[in-house]
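Novice: Under mature numbering (1 follows the signal peptide of the UniProt record, and there is no 0), residues -19 to -1, 1 to 229 are what the sequence shown spells out, in order.
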Amino acid sequence: MKKILLSMAVIIVVAGAVAGGTVAFFNDTETSTGNIFTAGSVDLTVDSFGATYNGALVQDASWPAMNLTNEKFFTLEDLKPADIYNRSISAHVSSNPAWLCIGKKNLNDQENGINEAEDDAGDTTASVGELSQNVHVLVWKEIVPDLVHQTNEPILIDSFFDVFTDLPLRDSTTGNGPTDPIQTELLAMSLCGGNHVVAPGAGFGGEVTCNGGSMNDKAQTDSLSADLVIYGEQYRNNPNFKCADVNL
Ligand SMILES: [Ca+2]
Ligand SMILES: [Ca+2]
Ligand SMILES: [Ca+2]
Ligand SMILES: [Ca+2]
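See below:
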């Protein structure tokens, strides 16, 4: 009888040891103090190494990379058919990869009166000018930064000025991906009184010229002004971005 009681006591002790084991975890604590989370940024600056007007260098037309204030890409007075003005535009994106769009806003087509030639051409809209329909925009990526189009330089924008709006340089539809985190996007932007002609050639074609034949007499004496806008938006977590969805 005594022998049986002893073995029961052993069983109870073992069970107690098992129950105690379920709460005895090794533990240790390390604390990382003062963590800092800073919002990322997409900071866009633009420089220009200059411009040409009908092939001649425009004086004092360059500026260093900056946030634009009064810098004008184009000042065209007395624009005539076949005039061509090429402007270098370098967009710099710092810190994060970005999509890039270019477009215009605040377009103002002024008539400045209807002269005899405009009247003969059938201009009956005295309150609105026709210049933006008669100015053509071409933008190409500058591999050789000389304001001349070479055959290896992709043409990114090909549009009349009046319909030139919210166009992608790089978005989810263009297939060229976002900019690298720190990158200069070197562009040439050309305006033509009439219609640009890209000479045939391998790759993306050869020299760009301006054919004034399509410029309508309705545009005589008219003027236009507009803000040209370059827009950058973060790429990360934003793979389906489209410039068409942005209201510049
Ligand atoms: Ca006019
Ligand atoms: Ca008119
Ligand atoms: Ca070039
Ligand atoms: Ca007119």
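We put the CB at the ideal spot given by N, CA and C, even for glycine. Note that this is a predicted model, so its numbers are computed, not measured.
Which ranges does the beta strand (DSSP E) cover as unbroken runs of at least 3 residues, wholly within the region 75 to 108, from first to last along the chain?
Specialist: 79 to 91
Novice: Quick one: what does DSSP say Gln114 is sitting in, helix, strand or coil?
Specialist: Reading the sequence shown from its first residue, position 133 is the one you call residue 114. Helix at Gln114.
Novice: Could you check whether the Cβ of Glu92 sits closer than 7 Å to any heavy atom belonging to ligand 2?
Specialist: Indexing the sequence shown from 1 puts residue 92 at position 111. Because some heavy atom of ligand 2 lies under 7 Å away, the Cβ of Glu92 counts as near it: yes.
Novice: On the CB-based measure, 16 or more other CB atoms within 10 Å of its CB, does Ala20 come out buried or exposed?
Specialist: Start at 1 with the first residue of the sequence shown, and residue 20 comes out as number 39. Classification of Ala20: exposed, given that the 10 Å Cβ count is below 16.
Novice: Between which two residues does the beta strand (DSSP E) carrying Cys224 extend?
Specialist: Here residue 224 refers to the residue found at position 243 when the sequence shown is read from its first residue. Membership of Cys224 in any beta strand (DSSP E) is not indicated, and neither H nor E is assigned to it by DSSP.
Novice: Distance, Cα to Cα, Gly186 vs Ala107?
Specialist: Along the sequence shown, one-based indexing puts residue 186 at 205. Along the sequence shown, one-based indexing puts residue 107 at 126. If you take the alpha carbons of Gly186 and Ala107, they lie about 40 Å apart.
Novice: I believe Glu111 touches Asp203 by the beta-carbon criterion, under 8 Å. Please report the beta-carbon distance rounded to the nearest angstrom.
Specialist: Within the sequence shown, numbered from 1, the residue matching residue 111 stands at position 130. Within the sequence shown, numbered from 1, the residue matching residue 203 stands at position 222. Going by Cβ atoms, the distance from Glu111 to Asp203 rounds to 6 Å, so yes, they are a contact pair.
Novice: So what does DSSP say about Ala(-3), is it helix, strand or coil?
Specialist: For the purposes of this step, residue -3 is identified with residue 17 of the sequence shown, where counting begins at 1. Bear in mind that a pLDDT of 43 at Ala(-3), under 50, signals an unreliable position, so the model cannot answer this.
Novice: Indicate the three-state DSSP secondary structure (helix, strand or coil) for Val144 in the structure shown.
Specialist: Numbered from its first residue, the sequence shown carries residue 144 at position 163. Three-state DSSP puts Val144 in a helix.
Novice: For Leu150 and Ile83, I'd like the C-alpha separation in whole angstroms.
Specialist: Stepping through the sequence shown from its first residue, residue 150 is reached at position 169. Stepping through the sequence shown from its first residue, residue 83 is reached at position 102. Roughly 7 Å separates the two Cα atoms.
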